[in-house]
Amino acid sequence: MEKLHLTTEEPAVAAFSDDEDEQGGPPSEWAVIDKSRALEGSPWMVDEKLKPSEFSFEHMAIWVHILNLLFGWMNGKRGCRVADLIGKTIKLDVDANDKESGPFLRVRVDIEINRPLRPGVMLQTKKDGAPEWFHIQFEKLPFYYFSCGLIGHSELVYHNPAERNALGKLPYEIKLCAQDDK
Numbered sequence: 010m011e012k013l014h015l016t017t018e019e020p021a022v023a024a025f026s027d028d029e030d031e032q033g034g035p036p037s038e039w040a041v042i043d044k045s046r047a048l049e050g051s052p053w054m055v056d057e058k059l060k061p062s063e064f065s066f067e068h069m070a071i072w073v074h075i076l077n078l079l080f081g082w083m084n085g086k087r088g089c090r091v092a093d094l095i096g097k098t099i100k101l102d103v104d105a106n107d108k109e110s111g112p113f114l115r116v117r118v119d120i121e122i123n124r125p126l127r128p129g130v131m132l133q134t135k136k137d138g139a140p141e142w143f144h145i146q147f148e149k150l151p152f153y154y155f156s157c158g159l160i161g162h163s164e165l166v167y168h169n170p171a172e173r174n175a176l177g178k179l180p181y182e183i184k185l186c187a188q189d190d191k
């Protein structure tokens with residue numbers, strides 16, 4: 010089985026034209042979306058003749074919001090360290106001064122899709138202080154199961170669901186999905 014994984018550092022082996030499709034007409038909306046996904050390292054359709062069984066999609070590049078992070082940590086140096094706890098850091102969405110000042114730090118990370126999603130990160134932000142929990146959210150998160158946090162399956166096919174807490178909730182919830190706006 011061949012492994013297929015793209016990041017922004019690797020050239021995409023596909024030809025894209027912004028001007029026209031194969032029949033000479035304007036490019037379809039999907040062609041534009043596929044081009045964008047390929048350039049950003051996310052899964053996309055390469056060839057309609059390929060079979061999913063011929064590839065192993067083990068990684069996915071995804072934008073993550075680290076919520077309510079201390080302003081002193083919302084910069085390239087510390088932000089990269091935090092992002093590495095979630096997955097391999099690809100990119101940070103910071104200004105020209107290498108800082109962010111909004112309600113969250115936005116980072117693009119490469120995650121392993123066969124592992125549960127992280128609902129947050131534990132950070133010791135003060136030398137003598139106790140570690141603090143910071144929730145995270147994922148942009149454009151594909152279907153995932155609230156019991157185990159894995160992407161791509163449902164309760165109907167999952168044989169090892171987690172127990173519900175005292176409130177009847179599963180360990181993962183919709184709060185992992187970021188709002189559509191940046």
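Residue numbering for the sequence shown follows the numbering used here, starting at 10 and increasing by one per position.
Just so you know, even glycine gets a beta-carbon here, dropped at the ideal spot from N, CA and C.
By a C-beta neighbour count over all protein chains shown, 10 Å radius and 16 as the cutoff for buried, is residue i buried or exposed?
i    : result
L176 : exposed
Q146 : buried
F113 : buried
A70  : buried
L59  : exposed
F143 : buried
M83  : buried
State the start and end residues of the unbroken beta strand (DSSP E) segment that holds residue i.
i    : result
L76  : H68 to L76
V130 : G129 to L132
Just verifying my parser: in three-state terms, what is the DSSP assignment at residue i?
i    : result
R141 : According to the sequence provided, residue 141 is Glu. The question's Arg does not apply to it. Residue state, collapsed to three classes: strand.
D6   : For residue 6 there is no data in the structure shown, the boundaries of the chain being 10 and 191.
L94  : helix
F80  : helix
K194 : Only positions 10 to 191 of the chain appear in this structure, which leaves residue 194 out of reach.
P61  : helix
According to DSSP, which residues form a beta bridge with residue i?
i    : result
Q146 : H74
K184 : Note: K184 sits in no beta bridge, so no partner.
K100 : R117
K108 : N84
Thinking C-alpha only, which one of the options is nearest residue i?
i    : options                   : result
D93  : P112, I120 and G111       : I120
D102 : P125, L79, I75 and I122   : I75
E141 : L79, A187, E67 and L150   : L79
K97  : W82, G81 and V116         : V116
G88  : A70, E109, M69 and A105   : E109
F66  : F143, G161, G111 and N174 : G161
I99  : R90, L132 and E63         : R90
Q133 : G81, V118 and K178        : G81
I95  : G138, L159, K149 and G129 : G129
L185 : R173, L150, E172 and L179 : L150
T188 : V73, F143 and V118        : Before going further, note that residue 188 is Gln rather than Thr in the sequence given. With distances taken between Cα atoms, Q188 lies closest to V73.
V118 : P170, H68 and K86         : H68
I122 : L159, N174 and A139       : L159
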